Amino acid sequence: MVRRQFLFLLLALVPAASAVAADATPTEIAKKIETFYKERPSIRAQFVQKVQKPGRRRILEKTGNVFFERPGKMRWEYKAPEQVFYVSDGNVLWSYQVSDKLVTRLDVRSSELYHQSRYLFGQGDLSTDFNLAAGTTPAAAGQAVIILTPKTSSRDFKSLTLTVDAATGEIRGTVLVDPYDNVSTIDFQKVDFQKVDAKFFSFTPPADATVRDLSKAPAPE
Numbered sequence: 001m002v003r004r005q006f007l008f009l010l011l012a013l014v015p016a017a018s019a020v021a022a023d024a025t026p027t028e029i030a031k032k033i034e035t036f037y038k039e040r041p042s043i044r045a046q047f048v049q050k051v052q053k054p055g056r057r058r059i060l061e062k063t064g065n066v067f068f069e070r071p072g073k074m075r076w077e078y079k080a081p082e083q084v085f086y087v088s089d090g091n092v093l094w095s096y097q098v099s100d101k102l103v104t105r106l107d108v109r110s111s112e113l114y115h116q117s118r119y120l121f122g123q124g125d126l127s128t129d130f131n132l133a134a135g136t137t138p139a140a141a142g143q144a145v146i147i148l149t150p151k152t153s154s155r156d157f158k159s160l161t162l163t164v165d166a167a168t169g170e171i172r173g174t175v176l177v178d179p180y181d182n183v184s185t186i187d188f189q190k191v192d193f194q195k196v197d198a199k200f201f202s203f204t205p206p207a208d209a210t211v212r213d214l215s216k217a218p219a220p221e
């Protein structure tokens with residue numbers, strides 16, 4: 001469940017880039033994305049996440065704040081409809097459901113979040129990890145759309161469609177489809193690249209919380 005909570009990125013539109021840049025190949029766009037985020041070690045934003053399950057009209061909407069810091073540090077603060085925190089120092093990922101007083105601990109590298117967001121930390125190679133294809137729907141002026149499908153079988157998602165600023169490589173939007181055909185988008189607002197305080201990526205479970213440690217290997221039978 002924790003691994004499927006992090007379904008990643010939809011940003012607001014920005015001024016149009018050149019039509020020439022919008023005609024770049026998927027591989028060229030992927031390189032622009034990697035370069036853009038390698039040059040920006042910190043990200044802060046507000047977000048609105050929308051998740052729709054197959055066969056259902058109702059869309060689940062969540063809001064909050066998110067913080068990233070290279071290498072691999074992140075903090076998601078869900079404010080509504082319920083308060084939930086996801087915090088990682090780059091090694092351990094903590095999930096804290098406030099109303100249930102439930103804390104979950106796992107190795108961040110075993111989580112969907114790490115593998116989806118590591119490109120924002122300047123890590124990973126999109127063309128190595130994914131098959132890249134041009135989007136099947138027309139992009140807005142100055143934008144480009146690429147579809148990423150994992151080269152190896154993934155338990156986390158089937159595909160991730162990125163809409164990017166064709167000139168800079170900054171991600172403007174995503175559509176993620178998980179193995180159960182749930183579709184998730186996240187709209188980021190008030191994005192900035194100022195350094196984030198290190199304390200945002202540290203977490204100590206509250207004394208009255210129940211802690212489940214999923215990082216421990218199961219005992220042999």
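In my numbering, the protein residues as written are 1 to 221.
Backbone N, C-alpha and C define an ideal beta-carbon position, used for all residues, glycine too.
Note that this is a predicted model, so its numbers are computed, not measured.
- Residue 126 places its beta carbon 9 Å or farther from that of residue 59.
- Going by beta carbons, residue 51 and residue 175 fall outside the 9 Å limit.
- A straight-line Cα-Cα distance of about 18 Å links residue 131 and residue 137.
- Rounded to the nearest angstrom, the gap between the Cα atoms of residue 92 and residue 71 is 13 Å.
- With respect to the 9 Å criterion, residue 199 and residue 42 are not classified as neighbours on the basis of their beta carbons.
- Cβ-Cβ distances below 6 Å link residue 97 to 84 in the same chain, with the five nearest sequence neighbours on each side left out; the list follows chain order.
- Contact check for residue 158 and residue 178: beta-carbon distance about 7 Å, within the 8 Å limit, so the pair qualifies.
- Residue 214 has its alpha-carbon roughly 11 Å from the corresponding atom of residue 95.
- For the pair residue 188 and residue 66, the CB atoms are nearer than the 9 Å cut-off.
- By the C-beta density criterion, residue 26 is buried, having at least 16 other C-beta atoms within 10 angstroms.
- Residue 203: not part of any alpha helix (DSSP H); DSSP gives it neither H nor E.
- The DSSP-derived three-state label of residue 210 is strand.
- Boundaries of the beta strand (DSSP E) around residue 78: 73 to 80.
- In the DSSP annotation of this structure, the continuous segment of the alpha helix (DSSP H) that includes residue 127 starts and ends at 126 to 129.
- With at least 16 other beta carbons inside 10 angstroms of its own, residue 167 counts as buried.
- Selection 208, 77, 142 and 153 evaluated against residue 45 yields 77 as nearest (Cα-Cα).
- The three-state secondary structure of residue 31, taken from DSSP, is helix.
- Distance check between residue 81 and each of 103, 48 and 106 places 48 closest, using alpha-carbon atoms only.
- Per the coordinates, the alpha-carbon of residue 107 lies some 15 Å from the alpha-carbon of residue 201.
- Where residue 97 is concerned, the enclosing beta strand (DSSP E) starts and stops at 92 to 97.
- Setting aside the 5 residues that flank it on each side, residue 144 is surrounded in the same chain by 22, 24, 29, 164 and 166, each with a C-beta closer than 7 Å to its C-beta; the list follows chain order.
- Exposed is the label assigned to residue 180, since fewer than 16 other Cβ atoms lie within 10 Å of its Cβ.
- Contact check for residue 73 and residue 89: beta-carbon distance about 6 Å, within the 8 Å limit, so the pair qualifies.
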